[in-house]
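Number of protein chains: 2
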Amino acid sequence: MSAARVKPRNDQANEPSSPVVRFGADKPLLLDAGVTLSPFQVAYQTYGELNAARSNAVLVCHALTGDQHVANANPVTGKPGWWEVLIGPGKIIDTDRFFVICPNVLGSCMGTTGPASTNPATGKAYGLDLPVITVPDMVRAQAMLVDHLGIDQLFCVIGGSLGGMQVLEWASSYSERVFAALPMATGTRHSAQNIAFYEAGRQAVMADPDWRGGRYLDAGVRPEKGLAVARMIAHITYLSESALHRKFGRNLQDRSKLTFSFDADFQVESYLRHQGMTFVDRFDANSYLYLSRAMDYFDMAADHGGVLSDAFKGSKTRFCVVSFTSDWHFPTEESRALVHALNASGASVSFVEIETDKGHDAFLLDEPELFSAVRGFVDSAARARGLHR
Amino acid sequence: MSAARVKPRNDQANEPSSPVVRFGADKPLLLDAGVTLSPFQVAYQTYGELNAARSNAVLVCHALTGDQHVANANPVTGKPGWWEVLIGPGKIIDTDRFFVICPNVLGSCMGTTGPASTNPATGKAYGLDLPVITVPDMVRAQAMLVDHLGIDQLFCVIGGSLGGMQVLEWASSYSERVFAALPMATGTRHSAQNIAFYEAGRQAVMADPDWRGGRYLDAGVRPEKGLAVARMIAHITYLSESALHRKFGRNLQDRSKLTFSFDADFQVESYLRHQGMTFVDRFDANSYLYLSRAMDYFDMAADHGGVLSDAFKGSKTRFCVVSFTSDWHFPTEESRALVHALNASGASVSFVEIETDKGHDAFLLDEPELFSAVRGFVDSAARARGLHR
């Protein structure tokens, strides 16, 4: 296990602009696929200071296209960290008070081992030679990072969407290591509709001849068009119909009349094309396949003999489950089913359904009702944990 | 204008397996794009006999991927006509009683002029040299077919989705020629979300290198992968989340365990791939671009100074508007807004909202409540028209 290092931008998959911990042959990771991953590495960011009692750590789990740069400028895009509305000095998750850890997930492309990482056996990028990764695999790797940081119990684990799946997996598999859990805009499994949309996106990537069976990095090309289409499809599911209507409606883009062509006449077209084009600059296409697959495979009830509440049996973790009324990627019913299971398991749980028209992405946005719910839950849990201001 | 002819399968775009009427230089079609299309042709099917009073004609308008083969075996796929559940001898729209006409729409690929048709100016397929087509253009061409058949007033115009848009356009632009109108699962405009999904599909087609800027037919190739992805995206929007859950859930396809790969592990993936693959055998990629664009452009209120009810001012047509509770492609609210506008214009309208979990495609399926609504409306309108059994 080597020391943490910081590297400048470029080959983020191998040399991330963040600390990284390398686990060698003495610390293999057994994957759900039935094979071992070794060596592997986890890139992560931390903010704030671990207190003497090592009791103030907050683990932030990112979503499909997120990364470890939760509260600092992104080294690829230069944009603010993806959750700076919530996390930072004096923010709701106050880095003057908490020690915030955000690891890049296994299978991603920002420094934790993923398909764009160099396979030590070949000296080339893994591509599809990396075994399929699951959410429990991601969480097992994160637990090794938390061990490495010398933390027995996390004060809080928080995240939305795929991040929320990781939160739930943490609370299920490492219940004693999670004092409080804040899963948002998530579910305990991917629905058939979610699998369908992600499958369409994967087919778009794999249909791009520049994908080259997953070996595009060897060839110095990238399946940009296919990945852009996949992003466009997914992005529609992240917004509600009413948000799209409010933001764009049928407004035209920089023109007063229809052009009678296949140009982006409508603002919504222009917006989506932009989303697709900027995404391919910062994300690896194979990582998109792996992380979407991990979401498809996630099914906590199936992992517990078909009884969801068994996933949380005997849990002492305090839960706050957050959903958004207009989220149709992870509808509020999914959260309600989770809350029923948590209640059945005897866990301590509060449920906050936030009224918003912003859709799935609401968990990333400036949403006052969300902030006040998170603040209330975190402050109350901190008091219970003896973390006084 | 030449006589109707029937041709066997193969080049359906130029030599359809159905009657076709050719409009020569004396009958140009002025398009909304501001240019004239001439010559052009309309392929169509008819069933039953026109009565002596020429008062029993029912015009069926097909949806994006439909065709004129509404009640006979499809010449390409060999499958039954796409609306045989509703139309045929002794059926609800009884071809022993009504003279049913179904034209292939302008811009499609089954014999009516579209991008796969030969451009007489070049001897090659139009490709993107065909002007962009609108729903009013489609209806204007259909009106010329109806003239050709010697029919002043249609007893009924019926269709769902893009077909429903045509029904509404008929009732607006040719009110006196439409005794009764039955628009289903449709709206008076495409929503931002619909534009977004179709734009993602168009980008998938255009990202396929075999699309070749629209000139793939000259090169003897087809953008099959891109078109398959477009079909997969659209197909998800045609089904409800609950229908997907009921039909597929998270069931695995021909296997008892996850394979930890990117194969189609889940039934829903296998189903979607099949939908994509079979679609490309029967449909032209450029037609997909044109017809989806026509739907995006459709906006009846915008065409009438922003006042939707003005589209139907003074209409004597009887309307029956049909929507489906689980249709999220054309939500029932769209139909309700249409009904409000029809009421405001003083039109005669009934509204049937059908409770079903089958989603948008319900209008094509065996839906008893739909059948009884159509039967009731058609029988009552027939009596009012003096069409006794």
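Residue numbers (the numbering used here), protein chains in the order written: chain U, 2 to 390; chain E, 2 to 390. Using N, Cα and C, we set each Cβ at its ideal position, and we do this for glycine too. Treat the numbers as computed from the prediction; the structure is a model and nothing was measured.
For His305/U, the closest Cβ of chain E is not nearer than 8 angstroms.
Contact between Ser118/E and Gln69/E fails: their C-beta atoms lie close to 15 angstroms from each other, not under 8 angstroms.
Residue environment for Thr357/U: buried (at least 16 other C-beta atoms within 10 angstroms of its C-beta). Bridge partners of Ser351/U according to DSSP: Cys321/U. Residue pairing for Ile102/U: DSSP places it in a beta bridge opposite Thr47/U, Leu60/U.
Neighbours of Ala201/E in chain U, taken as residues at a C-beta separation under 8 angstroms, are given in chain order as Val230, Met233, Ile234, Ile237, Leu273.
In the three-state DSSP reduction, Phe261/U falls in the coil class, being neither helix nor strand. About 12 angstroms separates the Cβ atoms of Ala208/U and Ile234/E, ruling out a contact at the 8 angstroms cut-off.
For Ser262/U, the number of other beta carbons within 10 angstroms of its own is below 16, and it is reported as exposed. Buried is the label assigned to Thr113/U, since at least 16 other Cβ atoms lie within 10 Å of its Cβ. Taken in chain order, the whole alpha helix (DSSP H) runs of length 4 or more contained in the segment 93 to 176 of chain U are 136 to 149, 163 to 174.
Here Asn57/E is buried. Its C-beta has 16 or more other C-beta atoms within 10 Å. Collapsing the DSSP output to three states places Val206/E in a helix. Beta-carbon to beta-carbon, Gln167/E and Met139/E are separated by about 6 angstroms, close enough to satisfy the 8 angstroms threshold. Less than 8 angstroms divides the Cβ of Phe320/U from the Cβ of Val350/U. Sequence-distant partners of Glu225/E (beyond 5 residues in either direction) whose C-beta falls short of 6 angstroms from its own C-beta, in its chain, are Val281. Scanning its chain for C-beta atoms nearer than 8 angstroms, with the 5 sequence neighbours on each side dropped, one finds around Arg178/U the residues Ala144, Val147, Asp153, Gln154, Leu155, Trp171, in chain order. Each residue's CA atom was taken as its position, placing Thr37/E and Asp211/U some 40 angstroms apart.
8 angstroms or more divides the Cβ of Leu292/U from the Cβ of Met301/U. With a threshold of 8 angstroms between beta carbons, Ser192/E makes contact with chain U. Contact between Val77/U and Val61/U does not hold, since the beta-carbon distance rounds to 19 angstroms and is not under 8 angstroms. In the displayed model, Thr37/E falls within a strand according to three-state DSSP. Pro332/E and Pro369/E have their alpha carbons spaced roughly 20 angstroms apart. Note on Leu30/E: 16 or more other CB atoms within 10 angstroms of its CB, so buried under the neighbour-count rule. Between Ser241/E and Gly165/E, the C-beta gap is not smaller than 8 angstroms, which leaves the two residues out of contact.
If you compare the alpha carbons of Tyr175/E, Val22/E, Phe198/E with that of Thr238/E, the shortest gap goes to Phe198/E. Contacts with chain U at 8 angstroms (Cβ-Cβ) do not include Phe284/E. Within the segment 287 to 300 of chain U, the residues whose Cβ lies closer than 8 angstroms to any Cβ of chain E are, in chain order, Leu290, Arg294, Asp297, Tyr298, Asp300. At least one CB of chain E lies nearer than 8 angstroms to the CB of Ala208/U.
DSSP, read as helix, strand or coil, puts Arg256/E in coil. DSSP lists Leu38/E as the bridge partner or partners of Leu30/E.
The Cβ of Gln276/E sits no closer than 8 angstroms to any Cβ of chain U. DSSP places Phe267/U within a strand segment (E or B) once states are collapsed to three. Counting along the chain, Arg232/E sits inside the alpha helix (DSSP H) bounded by residues 225 to 239. DSSP places Arg23/E within a strand segment (E or B) once states are collapsed to three.
In this structure, Val101/E places its C-beta atom within 8 angstroms of the C-beta atom of Ile88/E.
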